[in-house]
Structures are given as C-alpha cells and as structure tokens.
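Let me begin by presenting the structure, written as structure tokens, before commenting on it.
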Ligand code: NDP
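Numbering (my numbering), first residue to last: 5 to 337.
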C-alpha cells in the first residue's frame, strides 16, 4: 500500500491553487481548477484530483496552455452557445458556460454548448451535475489522445473518450454516471502502475498486442480496450464524432499529432448538452421518473451510479493523498 498523508479538502484546494498560481495561472483560472481538483478528491475521484496537478503545471511551463485564458461565449443560435476557451484549461470555460447553457435549455427545452480551444484534464460529472442542479438533464462528451484500440485492432485510435449523463431529482442528489469508454480510465491504470496493483483481464494489450494484466505494459506502449467489445467501440466512435467532428475540434488522432507531449492534456473540445424535462415532458415528469428510480433502487444488489461519490462527499474528514505526489506538488510552489 502506498504511503499517504491525511489532508483536508480545504488544504487540497489551497495547495492546488498555490501550485497553479506559482506556475502561470491567473487567480480566476487557478481558483476554478483548484475547485475542480479538490471536489474530485472530496468525492473520491482520485485519478482526477491532485494526481493531475503535475500535468497541469507541465502544460503551463511548456507554454502550451494559456494560464491567463479569458473564455468567452458566442451565440451561434439561441440554442447553440459556443464557449471559446482562449487556449486555457477547461474548468473556467465550464464555470462561465454552464449558467448560459442552463438558461437556454430552460427556455427552448434543449440547448448545446460546444467548448473549443481548451485543454481537458478532468472528470465530466461536475458539469453534468451542475446542469441537473438547474433541473436539467445534462450530457457531456470529450476526447483525449489515442490510447484505446477499436475492436479488432491492436493499435490505438480513440482516446478514453468519457461520457457523463446526469438526471435531475429535485430534493435529492441527481442520478449521474460518468465513465470512460475504455475498459478502465487511463488515470486508474497509471495509479495501479504507481501502486503496484494488477488490473483485470480484458482491460488492455501490451505493445505486442497481447492481453495483459500488468498496468505498466499498458501505460508504456500498450493500449486499452473499449468497454463492452464492439458496442463500446461504437460508442467511443460516437464520442469522437460528437466532441470533435460536430464541434470542429480535434479528433483524438489529431490531438496527438499536434501535442508537444509535455505530460499535460492535449488540446481538445467538449460537447455539453442540456434538456429540460419540465419543458419536454411537462409538470408531472418528476413524480413519474421517481416511480422508475424507486423500482430501480428497490432491486436487491442495485446501487445507483454516483452514489459512491455522493456518500464520499458526506464525509467531512481529511482525504488520503499519496506522499510522493504531495512532495512533487510542494516542489512546484
Ligand atoms: P468507473 O468505471 O469507476 O465508473 C463509471 C460510472 O459507473 C460511475 O458513474 C460510477 O459511479 C458508476 N458505477 C461504478 N460501479 C458501479 C456499480 N457497482 N453500480 C452502479 N454504478 C456503478 O469510471 P471510469 O474509470 O470509467 O472513469 C473515471 C473518470 O475518468 C470519469 O470521471 C471520467 O470523466 C474521467 N475521464 C476523463 C477523461 C478526460 O479526458 N478528461 C478521459 C477518460 C476518463 P460512482 O462514481 O458513484 O462509483
């Protein structure tokens, strides 16, 4: 077991904020990213918490990402609002964009928000949950550099291409899932490699195209497989088309071609979508959907996605952060 230190969520926020500020972020960007990182740690999304700080800093130090970015909204149509990220990390574009998207979807029933010219390094549930807090169904899609082989291939073409969907449940935490379309997220593979854990069969292939349970073999020259065989492969393709083709941003393979490999995220877009059940289904949508959730969660053995994170959120105690990682981040100050 890796050595860890107990550290509060407020201390995590402070450390992340200072590391980003010391390396080229302005206050607004540093605060927005620190909130993304500390809420990930709060919810137990370890692979998108402090673990990402060295990568954020590498991308600032190499000059690839604009730490002073000023994301702005452009109205394409009343129901399509594009966020121009100004070459910065995505959190500030999301923070500014979500209220605009929520307002448009609440008015028209459905609205889209392409987020372009940004660098994505986070989980997607924060933005879909925010939309659900506005009483909206929230969907989010993004691509990353190729690490996943399409079904039948041994070479990567897809990123780990996550999808998140949140469904509003007024007065309750939303139903929300957020998953990579690879068998496992790359961050989990990197953490398993760091901590010396094996990963389950069916997760990936080594550099020769052979199945492996060694995370190092996947991380170094190997590939991940899509979840669910050809079905996951098709869904990963859909994410490429929605989060790159539809919004005129880079496909995963283009992100790799144009990246400087500094250890931070490559440039890529995100597509956010919001739908209003109030507008589309009418007044009784909430009671109607609760009958479904009651049946679903009443089945023995079922837990709702998001439940683990929401339970973690209720724990106000300190979080355990890997000591080597903490030392690495403190050295960035
Ligand atoms: P997991 O496989 O751990 O979880 C996927 C979803 O399934 C979660 O919503 C989880 O809810 C839910 N879930 C897990 N176990 C159960 C269960 N037994 N019953 C019901 N629901 C369950 O996530 P991944 O490893 O696929 O992805 C991790 C993160 O990586 C995501 O947040 C994703 O956005 C992020 N990511 C980001 C990328 C980027 O480029 N920015 C690229 C790829 C991934 P719960 O959280 O409550 O456990």
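Glycine included, C-beta positions come from ideal geometry on N, C-alpha and C.
Note that the coordinates shown come from a computational prediction; the quantities given were computed from them, not determined experimentally.
Measure the alpha-carbon distance for residue 181 versus residue 260 and round it to whole angstroms. 27 Å
List, from N- to C-terminal side, the beta strand (DSSP E) runs of 3 residues or more that fit wholly inside the stretch 60 to 126. 76 to 81, 84 to 93, 114 to 123
Would you please state the rounded distance, in angstroms, between the beta carbons of residue 255 and residue 147? I believe it to be under 8 Å. 7 Å
Indicate whether residue 118 and residue 86 have their beta-carbon atoms separated by less than 8 Å. yes
For residue 279, which residues does DSSP report across the bridge? 114, 141
Where residue 284 falls, given that 16 or more other Cβ within 10 Å makes a residue buried: exposed
Residue 242 - containing alpha helix (DSSP H), residue span: 233 to 244
Looking at residue 132: is its Cβ nearer than 8 Å to the Cβ of residue 142? yes
CB-CB under 8 Å to residue 32, same chain, minus the five flanking residues each way: which ones, in chain order? 96
Can you tell me which of the three DSSP states residue 30 falls into? coil
Only counting the same chain, and skipping five residues up and downstream in sequence, which positions put a Cβ closer than 6 Å to that of residue 84? 116
Neighbourhood of residue 128 by C-beta distance below 6 Å, restricted to the same chain and skipping five residues each side: 144, 166, 168, 182
Is residue 226 near residue 209, with beta carbons less than 8 Å apart? yes
Using a Cβ-Cβ cutoff of less than 8 Å, which residues in the same chain neighbour residue 257 once the five nearest sequence positions on both sides are dropped? 150, 161
Would you call the CB atoms of residue 185 and residue 239 closer than 8 Å? yes
Backbone secondary structure at residue 13 - three-state DSSP: helix
What residues are listed by DSSP as bridge partners for residue 36? None; residue 36 has no bridge partner.
Would you be able to state if there are at least three C-beta pairs under 8 Å between the stretch 99 to 114 and the stretch 270 to 283? yes
Please classify residue 264 as buried or exposed, where buried requires at least 16 neighbouring CB atoms within 10 angstroms. exposed
Can you name the start and end residues of the alpha helix (DSSP H) that residue 260 belongs to? 256 to 261
C-alpha distance - residue 269 paired with residue 63, whole-angstrom precision: 7 Å
One or two residues paired with residue 342 in a DSSP bridge: Outside the modelled stretch of the chain, which goes from 5 to 337, sits residue 342, for which no answer is possible.
One question on the structure: do residue 20 and residue 44 come within less than 8 Å of each other, judged by their Cβ atoms? no
Using the rule of at least 16 other Cβ atoms within 10 Å of the residue's Cβ for burial, across every protein chain shown, is residue 301 buried or exposed? exposed
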